[in-house]
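In the numbering used here, the protein residues as written are 181 to 409. In this text, a Cβ means the ideal position worked out from N, Cα and C, and glycines have one as well. All values derive from a computational prediction rather than experimental measurement.
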Amino acid sequence: MKLIAHRGLSALAPENTIKAFELAAAEESFYGIECDIHESKDGQFIVFHDDDLKRMAKSNQKVEDLTYDELSRFEIVSGSKVKQYPHQSIPRLSDFLTICEESKKAAIIEIKKINDIEHLNDLLTLFDHYPTLEIIVISFNLNYLKYIRALSDIPLQYLTDKITEELIYDLRVNKIDFSIQKDSFKPNQILKLKKKGFMVATFTVNKKSALKQLSSIGIDYVTTDKILK
181 MKLIAHRGLS
191 ALAPENTIKA
201 FELAAAEESF
211 YGIECDIHES
221 KDGQFIVFHD
231 DDLKRMAKSN
241 QKVEDLTYDE
251 LSRFEIVSGS
261 KVKQYPHQSI
271 PRLSDFLTIC
281 EESKKAAIIE
291 IKKINDIEHL
301 NDLLTLFDHY
311 PTLEIIVISF
321 NLNYLKYIRA
331 LSDIPLQYLT
341 DKITEELIYD
351 LRVNKIDFSI
361 QKDSFKPNQI
371 LKLKKKGFMV
381 ATFTVNKKSA
391 LKQLSSIGID
401 YVTTDKILK
């Protein structure tokens, strides 16, 4: 079972910042680092979780309405130990990928919102610049994942809190794995998915006591805000 740092080491630095990624990169327990991406008004892939800047930068403006240059001027003012790490800004996806590549961590990229689904072609082109980097793309938007699957054999995971027979069939046909919210499944469901050949991830687990059971039922990846091992 492999641990993934949720939005970087977000228990020790503001989420989705360079500092959070650097702290995760330095931690041997983590197999990979997760981030969230949006597309800016001028078509740049940027690392940020929310649709707007209100929670993290105290602005009501939306990410999609601003260019990357405009977004980069905002300072992150919320999050873990934000006073210890001032002057953090919104990174580009390329900044995140470089940190992952240099630290030999897998890059787990959650697609939040893209201006046009065809721009996912540009995302795959960006990935080509990191040929040694292990990349997994995840999303709550199944259409994004299906579009990528039509173009690439890159590992994909669908984020969900439900497991249905229809979804199992759909993901199996499209060769997409499951990433399931931690309180949304029973052990027998995971065993069933494993028998069908799925890789299975879960999020977001912050209790060390849960790891043993998750490992015993075959969970492959665990996303966490902090170090558990």
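Top-ranked residue by Cα proximity to residue i, from the options
i: Asp231; options: Pro194, Ile291, Asp405; result: Ile291
i: Leu273; options: Lys409, Ile407, Ala204, Glu219; result: Glu219
i: Leu325; options: Lys293, Lys199, Asp363; result: Lys293
i: Lys234; options: Gly223, Thr384, Glu346, Glu255; result: Glu255
i: His174; options: His229, Lys221, Glu346; result: Coverage of the chain is limited to positions 181 through 409, which leaves residue 174 absent and any answer about it impossible.
i: Thr278; options: Thr403, His309, Asn354, Ile348; result: His309
i: Ala191; options: Gly398, Lys387, Gln241, Gln393; result: Lys387
i: Asp400; options: Pro266, Leu351, Phe358, Lys199; result: Phe358
i: Pro335; options: Asn354, Tyr349, Asp350; result: Asn354
i: Ser389; options: Lys376, Ile407, Gly377; result: Ile407
i: Lys376; options: Leu391, Ser364, Gly398, Leu394; result: Gly398
i: Ile348; options: Phe378, Ser364, Phe365; result: Phe378
Beta carbon of residue i nearer than 8 Å to that of residue j
i: Lys261; j: Phe210; result: no
i: Ile370; j: Ile288; result: no
i: Phe225; j: Leu331; result: no
i: Val380; j: Lys374; result: yes
i: Tyr327; j: Ile297; result: yes
i: Phe307; j: Val227; result: no
i: Ile217; j: Phe201; result: no
i: Thr344; j: Lys362; result: no
i: Pro271; j: Thr197; result: yes
i: Pro194; j: Gln241; result: no
i: Glu207; j: Leu189; result: yes
i: Met236; j: Ser252; result: no
Residue i in three-state terms, based on DSSP
i: Ala185; result: strand
i: Ala206; result: coil
i: Val243; result: helix
i: Ala193; result: coil
i: Phe358; result: strand
i: Glu250; result: helix
i: Gln469; result: Residue coverage of the chain in this structure runs from 181 to 409, which leaves residue 469 outside it and unanswerable.
i: Glu255; result: coil
i: Phe201; result: helix
i: Leu350; result: Going by the sequence as given, residue 350 is Asp instead of Leu. Asp350 falls in the helix class under three-state DSSP.
i: Ile213; result: strand
i: Leu233; result: coil
i: Leu331; result: helix
i: Leu408; result: coil
I'd like the ranges of any beta strand (DSSP E) spanning at least 3 consecutive residues and lying wholly in the region 260-328.
286-293, 315-319
Does the region 242-257 come into contact with the region 317-324, if we say contact requires no fewer than three beta-carbon pairs (one atom in each stretch) closer than 8 Å?
no
Taking contact to mean at least 3 C-beta pairs separated by less than 8 Å, is the region 298-314 in contact with the region 337-349?
no
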